[in-house]
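Numbering (the numbering used here), first residue to last: 223 to 349. Where is the CB? At the ideal position from N, CA and C, for every residue including glycine.
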Amino acid sequence: MSFLDKIFGGKQEQGDTKSFWKTIKSEEDLEKAIKESYETKVAIFKHSTSCFISKTVLKNFEKEIENSEDLKSSFYFLDLLAFRPISNKIAEDFGIRHESPQLIVIENGNAISNASHQDISLSQITV
223 MSFLDKIFGG
233 KQEQGDTKSF
243 WKTIKSEEDL
253 EKAIKESYET
263 KVAIFKHSTS
273 CFISKTVLKN
283 FEKEIENSED
293 LKSSFYFLDL
303 LAFRPISNKI
313 AEDFGIRHES
323 PQLIVIENGN
333 AISNASHQDI
343 SLSQITV
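Next up, the structure:
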């Protein structure tokens with residue numbers, strides 16, 4: 223990774239994905255996340271891999287998760303540039319305006335919270 227990529231959020235490094243993330247790459251993956259929301263809260267982080275702000279918010283959110291104990295939630299990651307139709311489906315199905323970065327919390331099949339940019343916080347899930 224070049225120096226400028228490190229500063230401005232260029233290409234993602236290989237192996238940079240945290241172990242707590244489940245990825246959404248298909249409508250089937252989205253359906254699994256929604257189904258899981260009937261057992262535990264599900265957080266979907268919609269990330270633009272080309273955006274420095276999105277990368278910064280993602281890193282801060284990941285640090286919050288790593289520094290927390292006893293989280294009983296599932297965390298899903300959506301690369302919205304690679305899977306834009308799924309991002310659009312989420313916005314349409316849950317009646318939430320698309321933003322990036324964005325965190326949507328789902329419980330019992332319904333979006334109970336959503337935030338974008340600096341408003342994204344673990345407190346959305348733990349409340």
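> Does the segment 306 to 318 come within contact of the segment 278 to 296, defined as at least 3 CB pairs closer than 8 Å?
Replying inline: Here the segment 306 to 318 does not lie against the segment 278 to 296, with fewer than 3 beta-carbon pairs under 8 Å apart.
>> Taking a contact to mean a Cβ-Cβ separation below 8 Å, would you say H269 touches S259 in this structure?
In response: No, Cβ-Cβ distance for H269 and S259 is not below 8 Å.
> What's the C-alpha gap between K240 and K285?
Replying inline: Rounded to the nearest angstrom, the two C-alpha atoms are 10 Å apart.
> Exposed or buried, what is K257 when buried is set at 16 or more other beta-carbons lying within 10 Å of its beta-carbon?
Replying inline: Label assigned to K257: exposed.
> Identify the residues that DSSP records as bridge partners of I328: which are they?
Replying inline: Answer is V264, A333.
>> I need the boundaries of the beta strand (DSSP E) containing K244, first residue and last residue.
In response: It spans 243 to 245 - the beta strand (DSSP E) in which K244 sits, taken as one unbroken run.
> Does the Cβ of E288 lie closer than 7 Å to at least one heavy atom of the ligand SAH?
Replying inline: What this structure holds is no ligand at all, so the ligand SAH is not there to describe.
> Anyone know if the C-beta pair for E329 and K254 falls short of 8 Å?
Replying inline: No Cβ-Cβ contact shorter than 8 Å links E329 with K254.
>> Using C-beta distances below 6 Å, list every residue in its chain close to S267, excluding the 5 sequence neighbours before and after it, in chain order.
In response: Note that residue 267 is Phe in the sequence shown here, rather than Ser. Here the set comprises F299, L325.
>> Output needed for L280: all residues of its chain with C-beta closer than 8 Å, excluding positions within five of it in sequence on either side, in chain order.
In response: Once the five neighbours on either side are set aside, the close Cβ partners of L280 are F267, H269, P323.
> For N336, does the count of other Cβ atoms within 10 angstroms reach 16, so buried, or fall short, so exposed?
Replying inline: Around the C-beta of N336, 16 or more other C-beta atoms lie within 10 Å, and the residue is accordingly described as buried.
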